[in-house]
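Note sheet for the following structure.
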Amino acid sequence: MFEIRFHGRGGQGAVTAANILAIAAFNDGYDVQSFPFFGVERRGAPVEAYTRLDKKKIRIKMNVYTPDAVIVLDNSLLSEIDFLYGLKKGGDLIINRGGVEKQEQYNGYRVSYVDATSIAIKNKLGTENSPIVNTAILGAYVKVIKNVKLNSILDAIKDNVTIKTENNLNAAIEAFDNTVTGVF
Amino acid sequence: MYKVMKGNEVTAYAAMLSSVDVIPAYPITPSTLFPEKISELIANGEMNATFIPTESEHSAISVAIGASASGSRVMTATASQGLAYMHEMLAIASGMRLPIVMAIGNRAISAPLNIWNDQQDSIDERNSGWIQLYAENNQEILDLTIAAFKISENEKVHLPVMICMDAFLLTHTMEAINIPDKKEVTDFIGKNTTNRIILDTEKPATLGSFASPEYYTEFRHQVTVAMEAANSVIFDIFSDFKKRFNRNYDVVEPYRLDDAELIFVSMGAVSGTIKDAVDVLREQGKKAGLLRLVAFRPFPSQQIKKYLSMDVKIAVIDRNVTPGYDGSVLYAELRSILYDSDFKPEIIDFIAGLGGRDMTIDDFIKIYTLAMEMNADSNHIVWEQLKPLGEDVS
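Keeping their order, the protein sequence lines are chains E and L. Going left to right, the first sequence walks through residues 13 to 196 as this note's numbering numbers them. Going left to right, the second sequence walks through residues 13 to 406 as this note's numbering numbers them.
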């Protein structure tokens, strides 16, 4: 079983990212689950969402405690929340660096950075002040964690994102091409 | 066709596939996505039905009763306080023998206000004369809902059905489900033939009339008789379902019961987690098993006796509370029907998973250990996840 935790803020599309990843992974032959943090959502407040994939039938119905990967959609969360909580040693950490150049290393994890914010703004996703970065971050996910194919993500975006579909596809591809792992 | 969907969306799809005519609904967390999805399906032209947004849950079930009484196939959804607000109308629906299907997003009851999952809301309505089926996953939500229309419209039954699905664990969780063709579903359920007394000016009849002491007892008894009949009707309909859709259901589901020394008894989504816990325990050489109740009303007494009348320990997972009684509802009912069985198992009640407190594989392994350490003198009512008063919960 492979478990992914998304951290974002209300309105950035973390829940949709978790759902699209699940749909893409299902089309790649996995059994899947995705769900939001079971709570009350407010725009701008920290949100969490989760995806589970497994080659076997997934039967458990419980929270994700020890994810294999953590994905941070908003740079400002890094100083605000304990985003590393439960992340397995050697697990993947993918961070939207949001235009910031200098990046921190987190020992014990494989860290990847992508400027999903600039990619989203360039592709006119959301506004300059609150860009919707979820499709870009999924491009970064498949670049780093190769258990789901880029084409499957693109197909899932085509089938499920009805607004600015082309822009979202481009954002995912651009992020795929511009995600850097390990060297900063 | 496979599709990855949230439990609430599955419920709406099940309504569409089942050719529901009328959907009156009032939104409440965690069931809100049901009326949203229904109105979307109707607006897109995928579903041909009348959606009636009402001003309250009480009105939603009242409209459902009126529409069903006039011969329509009807579905609605609610949860928690919404279901409690419907309370006085629930026995009217069953007393008038109306085949309404209602999805329940199982959620805690206030106070304190809590939007999360336990099963207090539907368990509180166990005397309402509604059949209650509990789903473990999203595929079951679809399958049980489709089956529910056929069960409720069966002439031996003519009772309303609740399809119970745990808040968030199912209502908001996306899973892949196999969606049958609408034609297959139509062939299975059959047309809404209204083989029952309805409000029809051509054939005038009275529904929900006044019944004096000379008649009332017999009406109540008839509901009980229908509920008893439902047991074998459900069995037959599940058999037919298996032939057509190749998915197998029964009113109970045994899991690894062979030579089990401890058997968990549960209902709903948490049963999936228990199955994984049972596998972990078995790998450690610990003989655990699970008996999951799919039907809670009618209570599957015969099947429970068949599987549990033996020298085992039973750990009941009770996600509800009955203040003032020793133990919660599932425990009490299970114990009662095993009273006259040949072998009396040792039954322990674990009250847990209230108001959304997560239940993990580790929790069930701990429950196994606790139960195996107990003897006849132990307290058999355990508030498993209770924190000491004053403990910092942050």
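The beta-carbon is built from N, C-alpha and C at its ideal position, and this holds for glycine as well.
DSSP three-state assignment for residue i, whether helix, strand or coil
{"i": "L:Glu-7", "result": "One cannot answer for residue 7 of chain L here, as it falls past the ends of chain L, which runs 13 to 406."}
{"i": "E:Val-156", "result": "helix"}
{"i": "L:Glu-214", "result": "coil"}
{"i": "E:Tyr-62", "result": "strand"}
{"i": "L:Lys-18", "result": "strand"}
{"i": "E:Gly-138", "result": "strand"}
{"i": "L:Phe-459", "result": "The requested residue 459 of chain L does not occur in the structure, where chain L is confined to residues 13 to 406."}
{"i": "L:Ile-393", "result": "strand"}
{"i": "L:Gly-221", "result": "What sits at residue 221 of chain L in the sequence shown is Ser, not Gly. If DSSP states are grouped into helix, strand and coil, L:Ser-221 belongs with coil."}
{"i": "L:Leu-53", "result": "helix"}
{"i": "L:Gln-144", "result": "strand"}
{"i": "L:Ala-307", "result": "strand"}
{"i": "E:Glu-113", "result": "coil"}
{"i": "E:Met-13", "result": "coil"}
{"i": "L:Leu-171", "result": "coil"}
{"i": "L:Tyr-337", "result": "coil"}
{"i": "E:Asp-43", "result": "strand"}
Per-residue burial, residue i [other beta carbons within 10 Å of its own, 16 or more giving buried]
{"i": "E:Gly-102", "result": "exposed"}
{"i": "L:Glu-385", "result": "exposed"}
{"i": "L:Tyr-343", "result": "buried"}
{"i": "L:Pro-400", "result": "exposed"}
{"i": "L:Pro-310", "result": "buried"}
{"i": "E:Ile-175", "result": "exposed"}
{"i": "L:Val-398", "result": "The question names Val, but residue 398 of chain L in the sequence shown is Leu. With fewer than 16 Cβ atoms within 10 Å of its Cβ, L:Leu-398 is classed as exposed."}
{"i": "L:Gly-57", "result": "exposed"}
{"i": "L:Asp-178", "result": "buried"}
{"i": "L:Ser-68", "result": "exposed"}
{"i": "L:Met-13", "result": "exposed"}
{"i": "L:Phe-231", "result": "exposed"}
{"i": "L:Thr-157", "result": "buried"}
{"i": "E:Lys-170", "result": "exposed"}
{"i": "L:Pro-225", "result": "exposed"}
{"i": "E:Gly-194", "result": "exposed"}
{"i": "L:Tyr-228", "result": "exposed"}
{"i": "L:Leu-366", "result": "buried"}
{"i": "L:Thr-185", "result": "buried"}
Anticipated Cβ contact below 8 Å, residue i with residue j, distance rounded
{"i": "L:Pro-312", "j": "L:Val-237", "result": "Incorrect: roughly 17 Å between the Cβ atoms, too far for contact."}
{"i": "E:Gly-151", "j": "E:Asp-127", "result": "Rounded, the Cβ-Cβ distance is 12 Å, inconsistent with contact."}
{"i": "L:Val-235", "j": "L:Gly-78", "result": "At roughly 20 Å, the Cβ-Cβ gap does not stay under 8 Å, so L:Val-235 and L:Gly-78 are not in contact."}
{"i": "L:Leu-303", "j": "L:Ile-286", "result": "10 Å between Cβ atoms; not a contact."}
{"i": "E:Arg-17", "j": "E:Gln-45", "result": "With a Cβ gap of about 13 Å, E:Arg-17 and E:Gln-45 do not count as contacting."}
{"i": "L:Glu-137", "j": "L:Gly-280", "result": "15 Å between Cβ atoms; not a contact."}
{"i": "E:Pro-58", "j": "E:Glu-92", "result": "7 Å"}
{"i": "L:Leu-382", "j": "L:Tyr-319", "result": "Not a contact, Cβ separation roughly 22 Å."}
{"i": "L:Asp-354", "j": "L:Ser-321", "result": "6 Å"}
{"i": "E:Ile-35", "j": "E:Ala-168", "result": "4 Å"}
{"i": "L:Ile-249", "j": "L:Lys-162", "result": "5 Å"}
{"i": "L:Glu-167", "j": "L:Asn-207", "result": "5 Å"}
Pick from the options that is closest to residue i, judged by C-alpha positions
{"i": "L:Ser-82", "options": "L:Ala-147, L:Thr-23, L:Asn-204, L:Ile-143", "result": "L:Asn-204"}
{"i": "E:Asn-163", "options": "E:Lys-73, E:Leu-99, E:Thr-139, E:Ala-184", "result": "E:Ala-184"}
{"i": "E:Met-13", "options": "E:Thr-193, E:Ala-81, E:Ser-130", "result": "E:Ala-81"}
{"i": "L:Trp-142", "options": "L:Ile-121, L:Ile-127, L:Glu-148, L:Arg-109", "result": "L:Arg-109"}
{"i": "E:Ile-157", "options": "E:Tyr-125, E:Pro-143, E:Ala-132", "result": "E:Tyr-125"}
{"i": "L:Ala-34", "options": "L:Phe-46, L:Ser-71, L:Arg-85, L:Ser-43", "result": "Note on identity: in this sequence residue 34 of chain L is Val, with Ala being the wrong assignment. Looking at the Cα atoms, L:Arg-85 is the closest of the given residues."}
{"i": "L:Asn-410", "options": "L:Ile-112, L:Ser-92, L:Ala-61, L:Lys-317", "result": "The question about residue 410 of chain L has no answer, for chain L in this structure spans 13 to 406."}
{"i": "E:Ala-37", "options": "E:Ala-30, E:Val-160, E:Lys-69, E:Phe-188", "result": "E:Val-160"}
{"i": "L:Asp-133", "options": "L:Ile-112, L:Cys-176, L:Ser-164", "result": "L:Cys-176"}
{"i": "L:Val-173", "options": "L:Asp-323, L:Asn-150, L:Val-113, L:Ile-201", "result": "L:Val-113"}
{"i": "L:Ser-278", "options": "L:Phe-308, L:Glu-240, L:Glu-396", "result": "L:Phe-308"}
{"i": "L:Glu-165", "options": "L:Val-197, L:Pro-111, L:Asn-258, L:Ile-153", "result": "L:Pro-111"}
{"i": "E:Val-173", "options": "E:Ala-29, E:Val-84, E:Ala-187, E:Gly-22", "result": "E:Ala-29"}
{"i": "L:Val-16", "options": "L:Glu-167, L:Ile-363, L:Thr-183, L:Val-324", "result": "L:Thr-183"}
{"i": "L:Met-87", "options": "L:Met-28, L:Gln-296, L:Pro-42, L:Lys-378", "result": "L:Met-28"}
{"i": "L:Phe-100", "options": "L:Ile-73, L:Pro-216, L:Ala-115, L:Ala-89", "result": "Residue identity differs from the one stated: residue 100 of chain L is Glu in this sequence, not Phe. Nearest of L:Ile-73, L:Pro-216, L:Ala-115, L:Ala-89 to L:Glu-100, Cα basis: L:Ile-73."}
{"i": "L:Leu-219", "options": "L:Ala-105, L:Tyr-261, L:Ala-55, L:Tyr-97", "result": "L:Ala-105"}
Near the ligand ADP: residue i beta-carbon under 7 Å from a heavy atom
{"i": "L:Lys-287", "result": "Ligands displayed in this structure: none; no statement on the ligand ADP is therefore possible."}
Proximal chain C residues relative to residue i, where beta-carbon distance stays under 7 Å
{"i": "L:Val-16", "result": "Absent from the structure is chain C; the protein chains it does hold are E and L."}
Name, going along the chain, the residues of the region 168-191 of chain L whose beta-carbon falls closer than 9 Å to a beta-carbon of chain E.
-> The residues in question are Asp-178, Ala-179, Phe-180, Leu-181, Leu-182, His-184, Thr-185, Met-186, Glu-187, Ala-188.
Chain-ordered residues of the region 57-74 of chain E with a beta carbon less than 7 Å from chain L = Among the residues of the region 57-74 of chain E, those with a Cβ less than 7 Å away from any Cβ of chain L are Arg-71, Ile-72, Lys-73, Met-74, in the order of the chain.
According to a CB-to-CB cut-off of less than 7 Å, which residues of the region 283-297 of chain L neighbour chain E?
-> Residues of the region 283-297 of chain L with a C-beta atom less than 7 Å from some C-beta of chain E are Gly-284, Thr-285, Lys-287, Asp-288, listed in chain order.
When you check each C-beta in the region 354-369 of chain L against every C-beta of chain E, which residues fall closer than 7 Å?
-> Listed in sequence order: Gly-368.
Listed in chain order, which residues of the region 226-240 of chain L have Cβ atoms closer than 8 Å to some Cβ of chain E?
-> Answer set for the region 226-240 of chain L: empty.
Residues of the region 268-280 of chain L with a CB closer than 8 Å to any CB of chain E: list them in chain order, please.
-> Those would be none; no residue qualifies.
Which residues, taken in chain order from the region 124-148 of chain L, show a beta carbon closer than 7 Å to some beta carbon of chain E?
-> Cβ contacts with chain E come from Trp-128.
Interface residues of the region 44-65 of chain L facing chain E [CB-CB below 7 Å] | For the region 44-65 of chain L, which is checked against every Cβ of chain E, not one residue is closer than 7 Å.
Residues from the region 367-396 of chain L in contact with chain E, defined by Cβ distance under 8 Å = Residues of the region 367-396 of chain L with a C-beta less than 8 Å from any C-beta of chain E: Gly-368, Asp-370, Met-371, Thr-372, Ile-373, listed in chain order.
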